[in-house]
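Student: Residue numbers (UniProt numbering): 1 to 343.
Even for Gly, the Cβ is constructed at its ideal location relative to N, Cα and C.
Being a predicted model, the structure only gives us computed values, none of them experimental.
Shown below is the structure under consideration.
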């Protein structure tokens, strides 16, 4: 009789479980947002990953099946722009059937441009929701932030397509002083009208190429106060442990807004999120310099138990709290780029 082996608990040195996973499926993107992929460093001659280097869909499904049995409940597909990965609805379909039940939350982050083409297929395949990056509602500011010739309307059409397909929709806005901070009220008003939750994110020093300086950070408290002055807010309790956004409800019933204070009020002590690059490296922090190679294990004939134990060993040694240790001048030393492992 085969004895059932209970997987080792995925808990780090600070007692934080691994329950949420960001999975990058490509390092390619059709935007060149200044805070993520500045064009001067990610230009026409930039060497992106070869297709053979990326984890295949079967490898991803196997890995996430193993991790689900270890406690992972939330998956977010990221990039780059994940919809540039050919056949993505096929992967979503596989993940929605992992262990016969899928995940409690299967989501994707996108710039929205390709959603009119894929939203219906993604919803049919089992995707629950999508988070769309939108940093401005006026064309000039949008073009500055995204550094693209794609019109703003393409992103708005993508959001509408996701809603029509029945997907849950949130919008993420990275706020930079002197660049798009004048858009805060406009974006809040638009989100109220559209029935979506917009989440304002403090500009972070992710990677080493985005030109971060603290003076460009608009503190979360300022964002809250500006919105509250127009539409009074009240804070809402978190729905689950590990949520990164502070949630606020409009007192007039106009929905919700979220604010992510990753610089001024770090939430490292409650972080339950791991990240896997498109080539299968496990990163234990958004600000890590290196990841642990899982692809070699996957392609080397390891058992599911060996794969799980490798992740448990890496996560068990985790003590990351980079945002809590950030100095006035920001983080120092090498860091992985956001476009490589997702935000």
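Going by C-alpha distance, which of 26, 266, 319, 186 is nearest residue 77?
Tutor: Nearest of 26, 266, 319, 186 to residue 77, Cα basis: 26.
Student: Just curious, the beta strand (DSSP E) that residue 37 is in, first and last residue?
Tutor: Here residue 37 belongs to no beta strand (DSSP E), and DSSP marks it neither H nor E.
Student: Between which two residues does the beta strand (DSSP E) carrying residue 75 extend?
Tutor: From DSSP, the beta strand (DSSP E) with residue 75 extends over 74–78.
Student: Excluding the 5 residues preceding and the 5 following residue 186 in the sequence, name in chain order all residues of the same chain whose CB lies nearer than 7 Å to its CB.
Tutor: Hits under 7 Å: 137.
Student: Can you pull the DSSP bridge partners for residue 101?
Tutor: According to DSSP, which records beta bridges pairwise, residue 101 is partnered with nothing at all.
Student: Would you report the Cα separation of residue 5 and residue 309, rounded to the nearest angstrom?
Tutor: Residue confidence for residue 5 is low, a pLDDT of 48 falling below 50, so the modelled location carries little weight and cannot support an answer.
Student: Taking the straight line between their C-alpha atoms, what separation do you get for residue 239 and residue 45?
Tutor: Going by the C-alpha atoms only, they are around 44 Å apart.
Student: Decide if residue 319 is buried, meaning its Cβ has at least 16 other Cβ atoms within 10 Å, or exposed.
Tutor: That one is exposed.
Student: Are at least three pairs of beta-carbons, each pair with one atom in the region 26–41 and one in the region 208–220, less than 8 Å apart?
Tutor: Yes: the two stretches touch, three or more of their Cβ pairs being nearer than 8 Å.
Student: What's the C-alpha gap between residue 181 and residue 197?
Tutor: In a straight line, the C-alpha of residue 181 is about 18 Å away from that of residue 197.
Student: In the structure shown, what three-state DSSP assignment does residue 170 receive?
Tutor: Note: residue 170 maps to strand in three-state DSSP.
Student: Give me the Cα-Cα distance between residue 126 and residue 327, rounded to the nearest whole angstrom.
Tutor: Going from the Cα of residue 126 to the Cα of residue 327 covers about 42 Å.
Student: Just mark residue 229 as buried or exposed, buried being the case when its beta carbon has 16 or more other beta carbons within 10 Å.
Tutor: Answer is exposed; the Cβ neighbour count stays below 16.
Student: Who are the near neighbours of residue 276 in its chain, counting only those whose CB is closer than 6 Å to its CB and skipping five residues on each side?
Tutor: Excluding residues within five positions, the ones whose Cβ falls inside 6 Å are 23, 282.
Student: With distances taken between CB atoms, is the gap from residue 227 to residue 246 smaller than 8 Å?
Tutor: No, Cβ-Cβ distance for residue 227 and residue 246 is not below 8 Å.
Student: From residue 192 to residue 232, what distance separates their C-alpha atoms?
Tutor: Answer to the nearest angstrom: the Cα atoms are 13 Å apart.
Student: Residues in its own chain within less than 8 Å of residue 151 by CB, not counting five upstream and five downstream?
Tutor: Around residue 151: 139.
Student: Can you tell me which of the three DSSP states residue 268 falls into?
Tutor: Residue 268: helix per DSSP, three-state reduction.
Student: If you reduce the DSSP assignment to three classes, tell me which class residue 320 lands in.
Tutor: Of the three classes helix, strand and coil, the one that applies to residue 320 here is coil, per DSSP.
Student: Return the residue from the list 237, 163, 92 that minimises the CA-CA distance to residue 107.
Tutor: The option with the nearest alpha carbon to residue 107 is 92.
Student: I believe residue 132 touches residue 111 by the beta-carbon criterion, under 8 Å. Please report the beta-carbon distance rounded to the nearest angstrom.
Tutor: Residue 132 to residue 111, Cβ: 7 Å. Contact.
Student: Rounded to the nearest angstrom, what separates residue 338 and residue 263 at their Cα positions?
Tutor: Computed Cα separation, rounded: 16 Å.
Student: In this structure, does DSSP put residue 331 in helix, strand or coil?
Tutor: Note: residue 331 maps to coil in three-state DSSP.
Student: Does the distance from the CB of residue 253 to the CB of residue 195 come in under 8 Å?
Tutor: Not a contact, by the Cβ cut-off of 8 Å.
Student: Whole angstroms are fine: how far does the CA of residue 257 sit from the CA of residue 17?
Tutor: If I take the Cα positions, the gap works out to 27 Å.
Student: To the nearest angstrom, how far is it from the Cα of residue 3 to the Cα of residue 336?
Tutor: At residue 3 the pLDDT is 41, less than 50, meaning the model places this residue with poor confidence and gives no usable figure here.
Student: What separation, rounded to the nearest whole angstrom, lies between the Cα atoms of residue 157 and residue 28?
Tutor: Using only the alpha carbons, I get a separation of about 22 Å.
Student: Just the Cα atoms here: how many angstroms apart are residue 160 and residue 115?
Tutor: Distance between the alpha carbons of residue 160 and residue 115: 9 Å.
Student: Do residue 236 and residue 249 have their C-beta atoms closer together than 8 Å?
Tutor: Yes.
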